[in-house]
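**Q**
Residue numbers (UniProt numbering), protein chains in the order written: chain U, 1 to 339; chain B, 1 to 339.
(1) In chain order, what are the residue ranges of uninterrupted alpha helix (DSSP H) at least 4 long that sit wholly in the region 54 to 90 of chain B?
(2) State the DSSP-derived secondary structure class of residue 166(U), mapped to helix, strand or coil.
(3) Indicate whether at least one CB of chain B lies closer than 8 Å to the CB of residue 287(U).
(4) Using the beta-carbon of each residue, which ones in chain U are nearer than 8 Å to residue 298(B)?
(5) How is residue 272(B) classed by DSSP in three states: helix, strand or coil?
(6) Going straight from the alpha carbon of residue 90(B) to that of residue 242(U), what length do you get?
(7) Taking the CB atoms as reference points, tell me whether residue 324(U) and residue 77(B) lie closer together than 8 Å.
(8) Please list the segments of the beta strand (DSSP E) lying wholly inside the region 94 to 158 of chain B, counting only runs of 3 or more residues, in order along the chain.
(9) May I ask you to verify whether the region 294 to 312 of chain U touches the region 296 to 311 of chain B, counting CB pairs closer than 8 Å and requiring at least 3?
(10) Residues bridged to residue 293(U) by DSSP?
(11) In chain B, what lies closer than 7 Å to residue 103(U) by C-beta?
(12) Is it the case that the Cβ atoms of residue 156(B) and residue 135(B) are separated by a distance below 8 Å?
(13) Pop quiz: residue 232(B) and residue 190(B) are said to be a contact at Cβ under 8 Å. What is the actual Cβ separation, rounded to whole angstroms?
(14) What is the rounded straight-line gap between the Cα of residue 55(U) and the Cα of residue 148(U)?
(15) How many angstroms separate the CA atom of residue 297(B) from the CA atom of residue 86(B)?
(16) If we ignore side chains and look at the alpha-carbon of each, how far apart do residue 292(U) and residue 10(U) end up?
(17) At least one CB of chain U closer than 8 Å to the CB of residue 94(B): is that the case?
(18) Does residue 83(U) have its Cβ less than 8 Å from a Cβ in chain B?
(19) Given a cut-off of 8 Å, decide if residue 126(B) and residue 40(B) are closer than it, judged by their beta-carbon atoms.
(20) What is the DSSP secondary structure of residue 161(B), reduced to helix, strand or coil?
(21) Rounded to whole angstroms, what's the CA-CA distance from residue 122(B) to residue 237(B)? Just pull it up for me.
(22) Quick one: is residue 112(U) near chain B, going by C-beta distance under 8 Å?
(23) In angstroms, rounded to a whole number, what distance separates the CA positions of residue 329(U) and residue 20(U)?
(24) Comparing the C-beta of residue 231(B) with each C-beta of chain U, is any distance below 8 Å?
(25) Counting only Cβ-Cβ distances shorter than 9 Å, please list the residues of the region 246 to 268 of chain U near chain B, keeping chain order.
(26) Around the C-beta of residue 2(U), are 16 or more other C-beta atoms found within 10 angstroms, so that it is buried, or is it exposed?
(27) For residue 226(B), go through chain U and note every residue whose CB falls closer than 8 Å to its CB, in chain order.
(28) Pairing CB atoms from the region 135 to 144 of chain U with CB atoms from the region 167 to 183 of chain U, are three or more of them under 8 Å?
(29) Going residue by residue through the region 163 to 243 of chain U, where are the continuous alpha helix (DSSP H) segments of at least 4 residues, counting only ones entirely within it?
(30) Classify residue 16(U) as buried or exposed, calling it buried when 16 or more other Cβ atoms lie within 10 Å of its own Cβ.
(31) Give the C-beta separation of residue 276(U) and residue 266(U) to the nearest angstrom, bearing in mind that I take them to be a contact with Cβ-Cβ under 8 Å.
(32) Nearest to residue 75(B) by CA position, among 68(U), 88(U), 75(U), 210(U), is which residue?
(33) Going by C-alpha to C-alpha distance, which of 63(U), 146(U), 98(U) sits closest to residue 7(U)?
(34) Hey, out of 111(U), 93(U), 194(U), 215(U), whose CA is closest to residue 187(U)'s CA?
(35) For residue 87(B), go through chain U and note every residue whose CB falls closer than 7 Å to its CB, in chain order.
(36) Checking contacts by CB at 8 Å: is residue 346(U) closer than that to chain B?
Pasting the structure below:
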């Protein structure tokens with residue numbers, strides 16, 4: 001039962017991160033030569049060698065990529081991001097005969113087991129890392145498991161994996177500036193849950209853009225569902241001085257808010273301007289058409305799959321991919337406030 | 001290179017279907033004893049034995065179930081059925097640590113290869129069979145591959161697999177009867193693509209219900225997308241005698257049609273009644289709320305996963321599951337026609 005040295009042991013001995021060890025042992029560029037030398041020396045001293053599984057992975061392919069989602073399974077139908085992202089991934093995989101292995105981990109269960117299960121017996125050739133969190137522990141886990149990965153956006157810690165980046169903030173700034181230019185001064189947002197990096201990014205861009213114009217932000221937090229959007233809208237409209245414009249962190253809440261405003265007798269955009277985020281299919285077709293921000297999760301999935309497949313195919317140095325940032329789409333649901 | 005006898009060879013010799021052979025060789029009930037005897041005799045004479053893969057499947061589990069979708073990958077984001085169905089499946093799988101292997105096969109490619117890939121190396125323990133077609137060739141293929149399966153609704157040919165059944169027709173009849181009771185006589189439908197069994201079922205129920213009331217059906221065919229719903233709506237409203245009520249085969253087309261009618265200056269429901277199918281999340285929240293039919297694809301996925309897992313767990317005789325039929329949900333988008 002003598003324990004084989006792991007990447008963590010090598011990292012400890014060399015005094016570097018596990019990510020750096022993975023870089024060095026896989027011959028990927030980006031580290032100082034002195035660091036590489038130190039790591040290789042530590043690996044030699046410990047007698048480190050790649051695990052059988054890692055080696056078998058490099059010769060035999062599973063023809064499948066993995067996605068672990070740590071949310072309520074219902075999010076797959078209530079949040080338009082994942083279906084569109086998965087559709088984009090499949091648009092690449094279907095041309096290569098690859099499958100997508102989808103592992104949903106319930107809140108409170110071990111997410112790490114989800115990745116271990118995917119790694120077990122080499123059932124996937126690589127994984128997508130979504131819903132990044134602060135100092136995400138999954139980076140080290142995947143290095144340890146020897147699984148190629150691509151991250152959706154760049155993690156805030158060190159990561160040996162290429163990232164596919166889609167910046168929500170320019171589009172958020174553009175929609176808020178659009179409302180300010182129309183003459184609105186009481187602008188509210190219905191934000192998404194603050195646990196998600198992407199929800200926080202939109203909120204920060206909203207608050208900063210208003211502050212730059214000398215305006216006070218008015219924020220209600222929603223949960224990305226239609227019902228949550230309705231409730232937040234009702235609370236905002238019941239204020240002594242209700243907003244004249246509301247920006248919602250996704251289209252689903254915005255379309256529900258549009259219906260709630262109309263049901264309460266308001267005319268959109270004359271009495272209230274409404275803007276969303278996603279440019280989901282129905283945004284163009286509700287009446288009035290929804291001003292929104294187009295983030296294109298389908299293209300995100302497509303780019304992530306192309307990037308991950310470069311790694312799986314053995315490319316030595318796969319760069320980050322920067323997608324065009326989310327952009328403002330102006331339709332009929334926003335106009336100057338009544339005077 | 002002597003070829004081993006297959007289930008098809010046994011079926012041919014015994015003069016029965018491959019499904020019956022599968023039933024008999026797996027000791028499942030439901031066949032006459034004389035038929036079982038004939039099949040076992042034929043298998044003996046041919047020296048038939050289960051393949052290695054089939055045997056290894058019975059002892060080692062992949063802890064994954066498979067779904068092959070033969071449609072444009074974009075359907076995963078444009079059609080609410082699959083995300084909700086998959087969410088329901090995952091609500092069961094996530095409690096057992098199972099993964100879902102999703103294989104999208106592009107139109108024109110070999111769908112059978114999709115199933116063979118899933119069966120290869122026992123990477124799934126069973127599969128869901130969706131989008132059933134007339135005399136579906138996948139039934140025999142799965143029998144041949146030795147893969148447990150559950151069908152979504154009952155195929156029209158012979159099948160050894162349990163089915164999960166959700167009947168769209170009672171809900172469709174109910175919505176059409178609701179429009180007739182309101183006093184409408186010019187009732188149109190925007191149908192889904194006729195290639196799908198479920199789209200045809202809704203169309204047939206629509207036409208028959210109108211015929212029973214002595215009314216002529218008016219049909220435009222859509223493609224389940226919002227854009228297709230808009231186009232079909234415009235064609236219907238441009239008729240010399242336009243309909244006073246439109247039933248859409250999904251909510252997405254209905255919500256888009258609602259927007260198109262409102263954009264053309266019509267008031268819903270005073271000038272035009274609109275009804276959908278799905279009861280998707282936004283149906284309740286658009287203004288006016290959408291009268292629709294609730295089919296509950298989440299519950300469909302849940303029931304299908306529970307049924308398939310019974311087979312995977314080795315249950316001898318898994319019965320069909322009949323879900324509550326789709327039902328009418330009346331909201332503000334339907335009313336009596338103006339006189």
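Positions of the beta carbon are idealized from the N, C-alpha and C atoms, including for glycine.
**A** Concretely, from the data shown:
(1) Qualifying alpha helix (DSSP H) stretches, in chain order: 75 to 78.
(2) Sequence index remark: in the first chain, residue 166(U) carries index 166 (1-based). Coil.
(3) As a first step, residue 287(U) must be located in the first chain, where it is residue number 287. Under the Cβ distance rule, residue 287(U) counts among the residues neighbouring chain B, one pair being separated by less than 8 Å.
(4) As a working note, residue 298(B) is residue 298 in the second chain. Chain U residues near residue 298(B): 74, 77.
(5) Your numbering for residue 272(B) matches position 272 in the second chain. Note: residue 272(B) maps to coil in three-state DSSP.
(6) Indexing the second chain from 1 puts residue 90(B) at position 90. Indexing the first chain from 1 puts residue 242(U) at position 242. One alpha carbon belongs to residue 90(B), the other to residue 242(U), and they sit about 41 Å apart.
(7) For this step, residue 324(U) is matched to residue 324 along the first chain. For this step, residue 77(B) is matched to residue 77 along the second chain. Contact: no.
(8) Listed in chain order, they are 99 to 104, 126 to 129, 149 to 152.
(9) Flag = no, the region 294 to 312 of chain U and the region 296 to 311 of chain B do not touch.
(10) The residue labelled residue 293(U) in the question sits at position 293 within the first chain. For residue 293(U), which the question treats as bridged, DSSP gives the partners 328(U).
(11) In the first chain, counting from the first residue as 1, residue 103(U) sits at position 103. Chain-ordered, the chain B residues with CB closer than 7 Å to the CB of residue 103(U) read 99.
(12) As a working mapping, residue 156(B) is identified with position 156 in the second chain. As a working mapping, residue 135(B) is identified with position 135 in the second chain. In contact: residue 156(B) and residue 135(B) (Cβ atoms closer than 8 Å).
(13) Translated into positions along the second chain, residue 232(B) becomes position 232. Translated into positions along the second chain, residue 190(B) becomes position 190. Confirmed, about 4 Å.
(14) In the first chain, counting from the first residue as 1, residue 55(U) sits at position 55. In the first chain, counting from the first residue as 1, residue 148(U) sits at position 148. Reliability fails at residue 55(U), whose pLDDT of 38 lies under 50, so the model's placement of it is uncertain and the value that follows must be treated cautiously. Using only the alpha carbons, I get a separation of about 13 Å.
(15) Your numbering for residue 297(B) matches position 297 in the second chain. Your numbering for residue 86(B) matches position 86 in the second chain. Distance between the alpha carbons of residue 297(B) and residue 86(B): 9 Å.
(16) Translated into the one-based positions of the first chain, residue 292(U) becomes position 292. Translated into the one-based positions of the first chain, residue 10(U) becomes position 10. Taking the Cα positions, residue 292(U) is about 49 Å away from residue 10(U).
(17) By one-based count along the second chain, residue 94(B) stands at place 94. For residue 94(B), the nearest beta carbon of chain U is closer than 8 Å to its own beta carbon.
(18) Within the first chain, residue 83(U) is the residue found at index 83, counting from 1. Answer yes: the Cβ-Cβ gap between residue 83(U) and chain B drops below 8 Å somewhere.
(19) Working through the second chain from its first residue, we reach residue 40(B) at position 40. Working through the second chain from its first residue, we reach residue 126(B) at position 126. Going by C-beta atoms, residue 40(B) is not nearer than 8 Å to residue 126(B).
(20) By one-based count along the second chain, residue 161(B) stands at place 161. Judged by DSSP in its simplified three-state form, residue 161(B) adopts coil rather than helix or strand.
(21) In the second chain, the residue the question calls residue 122(B) occupies position 122. In the second chain, the residue the question calls residue 237(B) occupies position 237. Their backbone Cα atoms lie some 54 Å apart in a straight line.
(22) Within the first chain, the letter at position 112 stands for residue 112(U). Answer no: the Cβ-Cβ gap between residue 112(U) and chain B never drops below 8 Å.
(23) Looking up residue 329(U) in the first chain gives position 329. Looking up residue 20(U) in the first chain gives position 20. So the two alpha carbons sit approximately 42 Å from each other.
(24) Start at 1 with the first residue of the second chain, and residue 231(B) comes out as number 231. So no, residue 231(B) is outside the interface.
(25) Using a CB distance below 9 Å, the part of the region 246 to 268 of chain U facing chain B consists of 252, 255, 256, 257, 258, 259, 260, 261, 262, 263, ordered along the chain.
(26) Taking the first residue of the first chain as position 1, residue 2(U) is located at position 2. Because residue 2(U) carries a pLDDT of 49, less than 50, the predicted location of this residue cannot be relied on, and the following value inherits that uncertainty. Flag for residue 2(U) reads exposed.
(27) Position 226 of the second chain, counted from the start, is the residue given in the question as residue 226(B). In chain order: 281, 282, 284, 285.
(28) With the cut-off at 8 Å, the region 135 to 144 of chain U and the region 167 to 183 of chain U do not touch.
(29) List check, alpha helix (DSSP H) in window: 169 to 181, 197 to 212, 226 to 237.
(30) Counting from one through the first chain, the residue named residue 16(U) turns up at place 16. The residue is buried, with at least 16 neighbouring Cβ atoms inside 10 Å.
(31) Here residue 276(U) refers to the residue found at position 276 of the first chain. Here residue 266(U) refers to the residue found at position 266 of the first chain. Not quite, the Cβ-Cβ distance comes to about 17 Å (not below 8 Å), so this is no contact.
(32) Here residue 75(B) refers to the residue found at position 75 when the second chain is read from its first residue. Ranking 68(U), 88(U), 75(U), 210(U) by Cα distance to residue 75(B) puts 88(U) first.
(33) The residue given as residue 7(U) occupies position 7 in the first chain. For residue 7(U), the nearest C-alpha among the options comes from 146(U).
(34) Indexing the first chain from 1 puts residue 187(U) at position 187. Of 111(U), 93(U), 194(U), 215(U), the residue nearest in Cα terms is 215(U).
(35) The residue labelled residue 87(B) in the question sits at position 87 within the second chain. Counting only Cβ-Cβ distances below 7 Å, residue 87(B) has contacts in chain U at 73, 74, 76, 77, in chain order.
(36) Because residue 346(U) is not part of the residues shown, which for chain U are 1 to 339, the question remains open.
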